[in-house]
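**Student:** Numbering-wise, the working numbering puts 387 at position 360 of the sequence shown, and it's gapless, one number per residue.
A virtual CB, placed ideally from N, CA and C, is assigned to each residue, including glycine.
The structure presented is a predicted model; accordingly, all values stated were derived computationally and were not measured.
My questions all concern the structure below.
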Amino acid sequence: METSSLHWIDIAIIIASIIMALGVGFYFSRNQNSTDTYFAAGGNIPSWAVGMSMFATIISSVTFLAYPGNAYAGNWILLVQGLMVPLVLVCLIGFIVPLYRRVIRLSTYEYFERRFGPLARLYSSFAFVLEHFSKMGTILYLLALAMAMFVGGMDIRWVIIIIGAVVIVMTFFGGMEAIIWMDVIQGFLLIIGGLLAVGMLFYLTDGGPAEIFRIAGEYKKIDFGPYDMDLTHLTFLVMVLNGIFYALQKYGTDQSIVQRYLTARDDRSAKRASYLGIFLSVPTWALFMFVGTCLFAYYHINSGILPKGIKSDEVFPYFISTEMPVGITGLILAALIAGAISSIDADINCISAIVVEDYYGRFRKTATDRQKMRVGRWAVVITGLGAIACALLYVAWGGEGVLGTLFGLYAILSAGIVGIFLLGLFSRRANWQGLYIGIAAAIVFTAYAVLTSTHYGDDRMLLDLGSWNFTHHKYMLGVYSHIIVLVVGYVASLFFKTPLADKELTIYGYLEEKRKENK
28 METSSLHWID IAIIIASIIM ALGVGFYFSR NQNSTDTYFA AGGNIPSWAV
78 GMSMFATIIS SVTFLAYPGN AYAGNWILLV QGLMVPLVLV CLIGFIVPLY
128 RRVIRLSTYE YFERRFGPLA RLYSSFAFVL EHFSKMGTIL YLLALAMAMF
178 VGGMDIRWVI IIIGAVVIVM TFFGGMEAII WMDVIQGFLL IIGGLLAVGM
228 LFYLTDGGPA EIFRIAGEYK KIDFGPYDMD LTHLTFLVMV LNGIFYALQK
278 YGTDQSIVQR YLTARDDRSA KRASYLGIFL SVPTWALFMF VGTCLFAYYH
328 INSGILPKGI KSDEVFPYFI STEMPVGITG LILAALIAGA ISSIDADINC
378 ISAIVVEDYY GRFRKTATDR QKMRVGRWAV VITGLGAIAC ALLYVAWGGE
428 GVLGTLFGLY AILSAGIVGI FLLGLFSRRA NWQGLYIGIA AAIVFTAYAV
478 LTSTHYGDDR MLLDLGSWNF THHKYMLGVY SHIIVLVVGY VASLFFKTPL
528 ADKELTIYGY LEEKRKENK
């Protein structure tokens, strides 16, 4: 794809946004005197700010680039996953939030230990760390590729190093408080960036919004199909099933979200923040899908101006670099960078919290809070450097195959995390013996699926079993692994006679409390 040089005004806007991120980190550094403030902001953040932070963390720069590209090439089927989030969580948030605020000190996976023992905690926390290292590297890599589209001759490795260093410095000094308030700013930037793009497309498209909607209707661009029951390719049903477990995974087991529950002032504020994060995310996902639809209409009318061979994910960056006026381009690129920072800083802080709580604190029980703070800050630096290294490996080895391989490894080593959560939440009879059998079954199944499929690496199939190969869409793998842990774990638990779990660690304690309140 052709590249162009940015105007100095656009460059100034981008630099200003990066300096602002560093400034926020240094400003809040004066408050970081304990692990409670460093990792949970002292539990004193307003609910609206916590909600904006959740929103900004979920809406990363991947959304900024991938959603318009997918909507341009196809339809809105990926949005189905997001639509499942409010449907699944409207009722569950009221229970999940107070449960975590009551049961854990800092780590999400402390709950897993209280239900199923230390191995469940270590397994799930390790899975989170593995997944989010891959995620951080992916975000940095994709951001660098996007920036290279705007400036000819730019070495994407320097983009990775510079943005990674900014995030490390901000997170190291400012802790969770700086992250949340920076996320608030970055959340607004993301929304403004999407709205500016739609506004410019409305203005530049001959016939305006009416023509865009006419073309979208004619080519079925605002659609969620195909609607058949086939699970071997991407369908509405696949995305519904995937979306249900995505919602449960994100809001029920993901440290980057659960840790934010702890930053709110009380249970009610934390629940309000969660609802705000959910209901901001869905319209924003739809907004960036609509950007892709508008791009399709614009380039359908102006079909001769797109470079030959351009990929769908490159169309939005190309439009920004060639059609956006000076200043607006800088704002949108600042929003793109903001999306990357808001996801990576949260992941770095959360992994640091896990290192301190799930590993260092476990093996050094006499450690003082000051010692934990020191370890936490070093964990921030090491995690950030690891994310940079991961992104640089993508550059060195070629992104797509590496991403697929890493996804496969993560899928095998972290099978069924949501299944663990649901088993602990809904069954007092479930025990650690049954759970470990369920996890083992899920790992075996996931390894089989990865080895007999071409979805998770390059086109080579590592193990060809003919008609026994795993042929379902890759999004179904997570669904199956969670269900296997849930079902096998429960059934296996019935063979081991153990006391019922504490009612307060399950949904039944919450329901009993509600019944008492209503009397």
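(1) Measuring straight from C-alpha to C-alpha, what distance separates S313 and V196?
(2) In angstroms, rounded to a whole number, what distance separates the CA positions of Y278 and G214?
(3) Taking only beta-carbon atoms, is P236 less than 9 Å away from chain B?
(4) Smallest Cα separation from Y345: which of A175, G78, T533?
(5) Thinking C-beta only, is S87 closer than 9 Å to S301?
(6) Would you check if the distance between the CB atom of F66 and the CB atom of L307 is smaller than 9 Å?
(7) Identify the residues that DSSP records as bridge partners of I72: which are they?
(8) Thinking C-beta only, is K247 closer than 9 Å to F323?
(9) Kindly confirm or deny that the stretch 96 to 108 and the stretch 187 to 202 touch, where touching means at least three C-beta pairs closer than 8 Å.
(10) To which residues of the same chain is N545 closer than 8 Å at the C-beta, ignoring the five residues directly before and after it?
(11) Kindly give me the distance between the Cβ atoms of A224 and I359, rounded to whole angstroms, as I take these residues to be in contact under 8 Å.
(12) Go through the stretch 142 to 198 residue by residue and report every complete run of the alpha helix (DSSP H) that reaches 4 residues or more, in order.
(13) How would you call G244, buried or exposed, if buried means at least 16 neighbouring beta carbons within 10 angstroms?
(14) Excluding sequence positions up to five away, which residues of its chain have a Cβ less than 6 Å from the Cβ of S480?
(15) Can you tell me which of V178, F122, I347, A361 puts its alpha carbon nearest to the alpha carbon of Y537?
(16) Cutting at 7 Å between CB atoms, please list the residues of its own chain near D374, excluding the five before and the five after it.
(17) In chain order, what are the residue ranges of uninterrupted beta strand (DSSP E) at least 3 long that sit wholly in the stretch 290 to 357?
(18) Can you tell which of F472, I46, L170 has the C-alpha that lies nearest to the C-alpha of L419?
(19) Can you list, in chain order, the residues of its chain with a C-beta nearer than 6 Å to that of V429? Leave out the 5 residues immediately preceding and following it.
(20) With C-beta atoms as the reference, is I466 less than 9 Å away from Y150?
(21) Does the beta-carbon distance from Y254 to L264 come in below 9 Å?
(22) Could you give the C-beta distance for M181 and D372, rounded to a whole number, given that I count them as a contact under 8 Å?
(23) I'd like to know whether the C-beta atoms of V130 and E531 end up nearer to each other than 9 Å.
(24) With respect to the alpha helix (DSSP H) encompassing F17, which residues constitute its N-terminal and C-terminal limits?
(25) Report the start-end ranges of each alpha helix (DSSP H) in the stretch 362 to 423 that is 4 residues or longer and not cut off at the edges.
(26) Quick one: measure Cβ to Cβ for G516 and L450, integer angstroms, because I've assumed they're closer than 8 Å.
(27) Measuring only the C-alpha atoms, how far is I534 from L217?
(28) Tell me which residues share the same chain as I38 and place their Cβ nearer than 6 Å to its Cβ, disregarding the 5 neighbours each side in the sequence.
(29) Put D257 into one of helix, strand or coil per three-state DSSP.
(30) Among T64, Y136, R456, V445, which has the Cα closest to the Cα of Q276?
(31) How would you write the range of the alpha helix (DSSP H) that E531 sits in, first residue to last?
(32) Return the residue from the list Q398, W424, G505, S520 that minimises the CA-CA distance to N458.
(33) Should A235 go down as buried or exposed, given a rule of 16 or more other Cβ atoms within 10 Å for buried?
(34) Roughly how many angstroms separate the alpha carbons of L492 and L478, rounded to a whole number?
(35) DSSP three-state call for A457: helix, strand or coil?
(36) Can you tell me whether H34 is helix, strand or coil according to DSSP?
**Tutor:** Taking the geometry as given:
(1) In the sequence as displayed, the identity of residue 313 is Ala instead of Ser. Their Cα atoms are separated by approximately 33 Å.
(2) 18 Å
(3) In summary, chain B is missing from the structure at hand, where a single protein chain is found.
(4) A175
(5) no
(6) no
(7) A291
(8) no
(9) no
(10) none
(11) 6 Å
(12) 145 to 177
(13) exposed
(14) F497
(15) F122
(16) H159, K162, M163, S283
(17) none
(18) L170
(19) The predicted model places V429 with a pLDDT of 46, which falls under 50 and marks its position as unreliable; any figure quoted below should be read in that light. Hits under 6 Å: Y421.
(20) yes
(21) yes
(22) The Cβ separation is near 23 Å, so there is no contact.
(23) yes
(24) What the structure shows of the chain is the stretch from 28 to 546, and residue 17 is not part of that stretch, so it cannot be assessed.
(25) none
(26) 5 Å
(27) 36 Å
(28) none
(29) coil
(30) V445
(31) Here E531 belongs to no alpha helix (DSSP H), and DSSP marks it neither H nor E.
(32) S520
(33) Sequence inspection shows Gly at residue 235; the Ala mentioned does not correspond to that position. By the 10 Å Cβ count, G235 comes out exposed.
(34) 10 Å
(35) coil
(36) coil
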